[in-house]
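Novice:
2 protein chains.
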Amino acid sequence: MEKLGMNPVNSCPLTPLGFLERAATAFGGCRSVVYHDVVWTWRQTFRRCLRLASALVSLGVSRGDVVSALLPNVPAMYEMHFGVPMSGAVLNTINTSLDAPTVAVLLAHSGAKIIFADPAFLSLLADALRLLPAGGQPAPCVILVEDPYYKEEESTTSDEELAALTTYEMLLEMGDPEFAWVRPATEWDPMILNYTSGTTSAPKGVVNCHRGIFLITVNSLIDWAVPARPTFLWTLPMFHANGSSFPWGMAMVGGTNVCLRRVDAAEVYAAISRHDVTHLCASPMVLNVLANAPEGVRRLPAAGKVRVLTGGAQLPVAVLELAEAVGFQVSHGYGLSETGGLVVSCVWKEEWNKLPAPERARLKTRQGVRTPVMAEVDILDSETGRSVPRDGSTMGEIVLRGSCVMLGYLNDVKATEAAIRDDGWFHTGDIAVMHPDGYLEIRDRSKDVIVSGGDSISSMEVESALYGHPAVNDAAVVARPDEVSGEAPCAFVSLKEASTVTADELIAWSRERMPDFMAPKTVVFRTELPKTSTGKMKKYVLRNLANDMGPTRGSTEM
Amino acid sequence: MEKLGMNPVNSCPLTPLGFLERAATAFGGCRSVVYHDVVWTWRQTFRRCLRLASALVSLGVSRGDVVSALLPNVPAMYEMHFGVPMSGAVLNTINTSLDAPTVAVLLAHSGAKIIFADPAFLSLLADALRLLPAGGQPAPCVILVEDPYYKEEESTTSDEELAALTTYEMLLEMGDPEFAWVRPATEWDPMILNYTSGTTSAPKGVVNCHRGIFLITVNSLIDWAVPARPTFLWTLPMFHANGSSFPWGMAMVGGTNVCLRRVDAAEVYAAISRHDVTHLCASPMVLNVLANAPEGVRRLPAAGKVRVLTGGAQLPVAVLELAEAVGFQVSHGYGLSETGGLVVSCVWKEEWNKLPAPERARLKTRQGVRTPVMAEVDILDSETGRSVPRDGSTMGEIVLRGSCVMLGYLNDVKATEAAIRDDGWFHTGDIAVMHPDGYLEIRDRSKDVIVSGGDSISSMEVESALYGHPAVNDAAVVARPDEVSGEAPCAFVSLKEASTVTADELIAWSRERMPDFMAPKTVVFRTELPKTSTGKMKKYVLRNLANDMGPTRGSTEM
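Sequences listed follow chains A and B, in order.
Following full-length UniProt numbering from start to finish, the first sequence increments by one per residue and tops out at 558.
Following full-length UniProt numbering from start to finish, the second sequence increments by one per residue and tops out at 558.
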């Protein structure tokens, strides 16, 4: 028995790139990508990606080089996910809402050789390129991805500047549609580089390999029970953890990718009807926008036919209830850039359908259980390193183990060692509790926990109560220094249109729902709260504001 | 970039065993296994499998030991698929229709430490144990898997013999339901040993590892688009390539396993109705039995609701048409024990639905395209080693590459090297053509091709024409020596009840449908044709009969 093992046939590296080659045969004439009047078939997409890979190689790109993209969810962005790694390069999609200094930091850090850019982000890119350190590596070569559906008047780039650029379609023309794509030398070869976006100000470059991406892709399809040939609407930015691995997943199941430049509720509902969309992913923020769209806009072809996958640290019960009332069939999970997609999900139990709606929503807003490809997930007490009891109240850090976990952070040994520990766990920095039924629920990012007296307060628990108030649109709770207890909860709140509520009323509302020490001592009203492009609250901004206010005293302030 | 790679977190071995642990939480209260009045939940199945693993360890089973099972599709057979490898042992399921000398050969070859046996096969096993070579390794310890639903009168084992045996439930009682199951040291550790059954008389021991089984399991679920929580009827023997990996697949998606001791058309249709079965696998032979059941029996709750996956070298068009007329939604694929399940499948194209039924059936009886987890599939010319043209007529050998391919044959370096070649391909020995659309179609086992004059005749093509005749129940075509052309086709045919046809008529029927040289020169009628328990024709038996007849002369014989 022991003589048998890896051999020349079964050691062939796992990679999601072969899904596209297969799709060209198995789904050849089916629609692969749709964008306004642009309709590609899987046969065409395969050939276009081979052209892209071949052209990149002829531009001098070689194995392990970084190729970046500053693109919205247009067809070229989809093609990047195959064409770039098929050249042997590592794909780096950049969050398009970053500012020029940050983009410059990322480009300098990754050493990108080539960057594909949308006309809307050319001036951002030009600013970033000017900020690159002098005397460093050569600036990346810029390729313009033209878009006939982009409204030119928004552009700040001159016609001359535009004319000087190589375009994406010119590049594809150069490429060979019969190119023998570059297979990874091993399944551990880097394939993807994603910078973690902005809940802290120090971006880290997450590197995932072919094996990890292959596995998170099959994991996501099976966990969400994606059927054959779905129609997938691209409401989730592909620059966000590569759209949770679904670019590769759609090639595996022969789905149709419906592209969208931007998420606007009216456009989303129109696209759902026009293309018979069956599946979409949305952050809780986007789900909130869709669920709160005006009544005339908020129409689905049939209730329960559109399946929505949402994830993130916080899915407010109110948002979920609204979305389900509209008719979306919502699934909920949890993942990180470091895992390439969702690795925990709230597997739904039939018996829960009998419960009243608020109870159902409360159960579904829990993050859930590990997805099947992950080996293990646990919640560890940060002091003892032991599993927390399954009591639904003891907080600890979520740790993960399994093949979807990243290789590490690019050129950042310290950050890598802090996350990937010798104890065999990836430490997420997310604080959660384990319920008696084995479902975990996130309580906070570890740095967002408020320590009041000796007690830890989950900022999310307080926020959750605030979201339940009918006037509240958005809520974020952070620590503010407190003379008595060290820290006390401080709430930043934005209200729904034409709604009013006083700080007193919100504090009273909170005290009815939690122990006094957990209720906010301060409530600050804002028209809008600061968020990243993927809808995560920029709590460090609010924490700075709360610090600047100075310490609270004995009583509550408003 | 190059400093990043495998690390203590992402190098955790792939194994399907964790699916059960997850199922105990995610699907804890859902039905896992149903058999008459026995109903287990996933929580219970997990604990029973841990008891089994723990008891095996306490019996002295250690990592890499072989544990065998001689069982029909009863609940214990399902539990073997987790409990045995959870002890670190390698599971060897034995085809229950083998004879005692063959079972003895397998037990001696595998060195099984323990064998679980059904009462129906105790006397077979006793005979086999008596045939074990003297002075070899100790005979395996026999554990009796009692079955209250087995009719005792069929048994030939005495009450005393039965009373002396340890029973499965006694063993589970000994086990610890909180046992920390033995994880594989590496994902390449052997997990499964299956002996190839009987189309030749020399069984080979296929060894698959944890990684391979993990991957074929996800492959099968995605390729067949298995939804969450299906109800799966066990019509395919689990001893046949471990039921095409679906024991592990059901734990991954939280399905219900409906067990069946034997396949009887009336029982199958009754089980479908009683349990709301959504999915089942069937060999073409079993599909034939189901499709030809008496009208009163042949009833489905709703057309298209029961999905059937069938595979094997030959799916007659007539069988497929009948099965679809009954209302089964049939998918078709191809795999081998060496790949652990289906690795090629006939992905259906919507545009084909518009074609007339015979054309649809003709397209669906092709084996198809590679399933997504397999890296590559090709058809090679046996002389040049190059891909055959995509012309639908040039025959070559099917070769495969990818992670689902076995480690090798146990203690058989020669056979392993013949199959797993240094060219990086697994050579299947199956002969096929590649159609212009990239779908492959099997024409024969390489040893079944008939060489007439200079031409190769696919025995399956001739059989396919014979199956189209309304009187034909079963047909097998083999080479018979021929004075003029070396070999000529000789058909063995069984007829449907109350049908008649002459040899002359069948030869004329064939000649209308193929070139004269391909039509059978001899037709032999039999009440039944010799088959293996999984429905494969024992062609070597027929070939011997045809040889014994001596050579055909110039004209056809009947």
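A virtual CB, placed ideally from N, CA and C, is assigned to each residue, including glycine.
Please read these numbers as outputs of a predicted model, since none were measured by experiment.
Taking the C-alpha atoms as reference points, what is the distance between A/L440 and B/L233?
Specialist: About 33 angstroms.
Novice: Count the other CB atoms, across all protein chains shown, that sit within 10 Å of the CB of B/Y149; report buried if there are 16 or more and exposed otherwise.
Specialist: When all chains shown are included, B/Y149 counts as exposed.
Novice: What residue does the beta strand (DSSP E) around A/F492 start on, and which one ends it?
Specialist: Run containing A/F492: G486 to L495, per the beta strand (DSSP E) assignment.
Novice: Note the first and the last residue of the continuous alpha helix (DSSP H) segment covering B/H210.
Specialist: Its alpha helix (DSSP H) spans residues H210 to D223.
Novice: I believe A/A323 touches A/L290 by the beta-carbon criterion, under 8 angstroms. Please report the beta-carbon distance rounded to the nearest angstrom.
Specialist: About 7 angstroms separates the two Cβ atoms, so the contact holds.
Novice: Any Cβ of chain B within less than 9 angstroms of the Cβ of A/T25?
Specialist: Taking Cβ atoms only, chain B reaches closer than 9 angstroms to A/T25, which makes this a yes.
Novice: From what residue to what residue does the beta strand (DSSP E) around B/G18 run?
Specialist: It is not in any beta strand (DSSP E) - B/G18 instead sits in the alpha helix (DSSP H) that spans G18 to A26.
Novice: Taking buried to mean at least 16 other C-beta atoms within 10 Å of its own C-beta, is A/S62 buried or exposed?
Specialist: It counts as exposed.
Novice: Use the C-beta contact count for residue 585 of chain A: other C-beta atoms within 10 angstroms, 16 or more gives buried, fewer gives exposed.
Specialist: In the structure displayed, chain A extends from 1 to 558; residue 585 of chain A sits before or after that span and is not available.
Novice: Considering Cα atoms alone, identify which of B/A23, B/A476 and B/C490 is closest to B/D482.
Specialist: Residue B/C490 is the option with its Cα nearest to B/D482.
Novice: Hey, how far is the Cα of A/A293 from the Cα of A/G18?
Specialist: Each residue's alpha carbon lies about 40 angstroms from the other.
Novice: Along chain B, which residues have their Cβ under 8 angstroms away from the Cβ of A/E351?
Specialist: Neighbours of A/E351 on chain B, chain order: G29.
Novice: Taking B/D504 as the reference, give the member of B/F492, B/T522 and B/E487 with the closest Cα.
Specialist: Of the candidates B/F492, B/T522 and B/E487, the one whose C-alpha sits nearest the C-alpha of B/D504 is B/T522.
Novice: What is the DSSP secondary structure of A/M514, counted as helix, strand or coil?
Specialist: Correct three-state label for A/M514: coil.
Novice: Check whether the Cβ of A/V405 lies closer than 9 angstroms to any Cβ atom in chain B.
Specialist: Output row for A/V405: interface = yes.
Novice: Answer with yes or no whether the minimum CB distance from B/A112 to chain A is below 9 angstroms.
Specialist: Closer than 9 angstroms: no.
Novice: Mapping DSSP to helix, strand and coil, what is A/G243?
Specialist: Helix.
Novice: Can you confirm whether the region 184–195 of chain B touches the region 83–101 of chain B when touching is taken to mean that 3 or more C-beta pairs between the two stretches lie within less than 8 angstroms?
Specialist: Touching, yes, given that three or more Cβ pairs across the two stretches are closer than 8 angstroms.
Novice: Taking the beta strand (DSSP E) that A/E295 falls in, what are its first and last residues?
Specialist: A/E295 -> no beta strand (DSSP E), and no H or E assigned at all.
Novice: Is there a C-beta anywhere in chain A that falls below 9 angstroms from the one on B/F19?
Specialist: It does; some Cβ of chain A falls within 9 angstroms.
Novice: Taking a cut of 7 angstroms between CB atoms, which residues from the region 178–209 of chain B lie near chain A?
Specialist: Correct list: W188, P190 and V207.
Novice: How would you call A/H36, buried or exposed, if buried means at least 16 neighbouring beta carbons within 10 angstroms?
Specialist: By the 10 Å Cβ count, A/H36 comes out exposed.
Novice: Could you give the C-beta distance for B/L400 and B/V377, rounded to a whole number, given that I count them as a contact under 8 angstroms?
Specialist: Confirmed, about 5 angstroms.
Novice: Bridge partners for A/F116 per DSSP, in chain order?
Specialist: Answer is A/A69 and A/I143.
Novice: Determine the direct distance from the alpha carbon of B/G88 to that of B/S382, and round the result to whole angstroms.
Specialist: Their backbone Cα atoms lie some 40 angstroms apart in a straight line.
Novice: For A/D444, which residues of its own chain have a beta-carbon under 6 angstroms away from its beta-carbon, when the five flanking residues on both sides are left out?
Specialist: Answer for A/D444: I431, S458, S459 and M460, listed in chain order.
Novice: Ends of the alpha helix (DSSP H) at B/W40?
Specialist: Unbroken run through B/W40 is the beta strand (DSSP E), V38 to T41; no alpha helix (DSSP H).
Novice: What are the start and end residues of each continuous alpha helix (DSSP H) run of 4 or more residues lying completely inside the region 161–208 of chain B, in chain order?
Specialist: For the region 161–208 of chain B, whole alpha helix (DSSP H) runs of length 4 or above, ordered along the chain, are 168–174.
Novice: Compile a chain-ordered list of the residues in the region 412–431 of chain A whose CB is closer than 7 angstroms to at least one CB of chain B.
Specialist: Correct list: I420, D422, G424, W425 and F426.
Novice: Residues in its own chain within less than 8 angstroms of B/M558 by CB, not counting five upstream and five downstream?
Specialist: Reliability of the predicted coordinates at B/M558 is poor, the pLDDT of 42 falling under 50, and no value is obtained from them.
Novice: Could you check how far apart the C-beta atoms of B/A112 and B/V66 are, in whole angstroms? I think they sit under 8 angstroms.
Specialist: 5 angstroms between Cβ atoms; contact.
Novice: Can you check whether the C-beta of residue 563 of chain A is within less than 9 angstroms of a C-beta belonging to chain B?
Specialist: Residue 563 of chain A is absent from the model: chain A starts at 1 and stops at 558.
Novice: Can you name, in chain order, every residue of its own chain whose Cβ lies under 6 angstroms from the Cβ of A/L542, other than the five neighbours on each side?
Specialist: A476, V478 and F492, listed in sequence order.
Novice: Check each candidate in B/S464, B/V451, B/D412 and B/A546 and name the one with the smallest Cα separation from A/L4.
Specialist: If we check each option's Cα against that of A/L4, B/D412 comes out closest.
Novice: Under 6 angstroms Cβ to Cβ from B/D474, same chain only, skipping five residues before and after it: list those, please.
Specialist: Hits under 6 angstroms: S494 and L529.
Novice: Decide if the region 43–61 of chain A is in contact with the region 275–283 of chain A; the criterion is three or more beta carbon pairs, one per stretch, under 8 angstroms apart.
Specialist: The answer is no - the region 275–283 of chain A does not touch the region 43–61 of chain A, with fewer than three Cβ pairs under 8 angstroms.
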